[in-house]
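**Q**
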Amino acid sequence: MKLLRRLNKSWQKVQRDRHIRAQDLSLTDPEYRLWDLLLATYDWDKTHTETYGCVETTDRELAEILRWSASKVCRTRNTLTKKGLVNLTQSGLYNLLPEESADAPMQ
3 MKLLRRLNKS WQKVQRDRHI RAQDLSLTDP EYRLWDLLLA TYDWDKTHTE TYGCVETTDR
63 ELAEILRWSA SKVCRTRNTL TKKGLVNLTQ SGLYNLLPEE SADAPMQ
């Protein structure tokens, strides 16, 4: 799985206020878990012009990591899309959108 390579034992810089941001965005627990996983795996390299700010994966891959069904990932992604946090730009390419109450996705 290509996505699992991004979840290796390296460290990640995260915002300490991400839980408060999630509360401000009224995220449910499943929405927060999916949003946090996408933030942990998105492409932060600005030289990758086509995939910067995106996660290249499938609902099935995300479901395996989260131990959910692919349909739950799809439903949860759709709620994040309605809240303006995620956009499925093409099959398997999730674009993380900056929410109104904060800056661009965490690095």
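Sequential numbering from 3 applies to the sequence shown in my numbering.
We put the beta carbon where it would ideally sit given N, CA and C, even for glycine.
What does the alpha-carbon distance come out to for the pair Thr59 and Glu66?
**A** What you label residue 59 is simply residue 57 of the sequence shown in a count that begins at 1. What you label residue 66 is simply residue 64 of the sequence shown in a count that begins at 1. Going from the Cα of Thr59 to the Cα of Glu66 covers about 11 Å.
**Q** Taking the Cβ atom as the reference point for each residue, do Tyr96 and Leu87 lie within a distance shorter than 8 Å?
**A** As a working mapping, residue 96 is identified with position 94 in the sequence shown. As a working mapping, residue 87 is identified with position 85 in the sequence shown. Going by C-beta atoms, Tyr96 is not nearer than 8 Å to Leu87.
**Q** Looking at C-alpha atoms only, which residue of His21, Thr51, Trp70, Leu29 is the closest neighbour of Asp61?
**A** By one-based count along the sequence shown, residue 61 stands at place 59. Of the listed residues, the one whose Cα sits closest to Asp61 is Trp70.
**Q** Quick one: what's Glu66 bridged to in DSSP?
**A** Here residue 66 refers to the residue found at position 64 of the sequence shown. Glu66 pairs with nothing; no bridge assigned.
**Q** Less than 8 Å between CB atoms is the rule here; does Asp19 satisfy it with respect to chain D?
**A** Note that chain D does not occur in the displayed structure, where there is just one protein chain.
**Q** Under the rule that 16 or more other beta-carbon atoms within 10 Å means buried, what is Thr63, buried or exposed?
**A** The residue you call residue 63 lines up with position 61 of the sequence shown. Residue 63 is actually Glu in this sequence, not Thr. With 16 or more other Cβ atoms within 10 Å, it is buried.
**Q** Around the Cβ of Tyr44, are there at least 16 other Cβ atoms within 10 angstroms (buried) or fewer (exposed)?
**A** For this step, residue 44 is matched to residue 42 along the sequence shown. It counts as buried.
**Q** What first and last residue would you give for the beta strand (DSSP E) that runs through Glu52?
**A** If you number the sequence shown from 1, residue 52 lands on position 50. Segment: none, Glu52 is in no beta strand (DSSP E) and carries neither H nor E.
**Q** In angstroms, rounded to a whole number, what distance separates the CA positions of Arg77 and Gln92?
**A** Position 75 of the sequence shown, counted from the start, is the residue given in the question as residue 77. Position 90 of the sequence shown, counted from the start, is the residue given in the question as residue 92. If I take the Cα positions, the gap works out to 17 Å.
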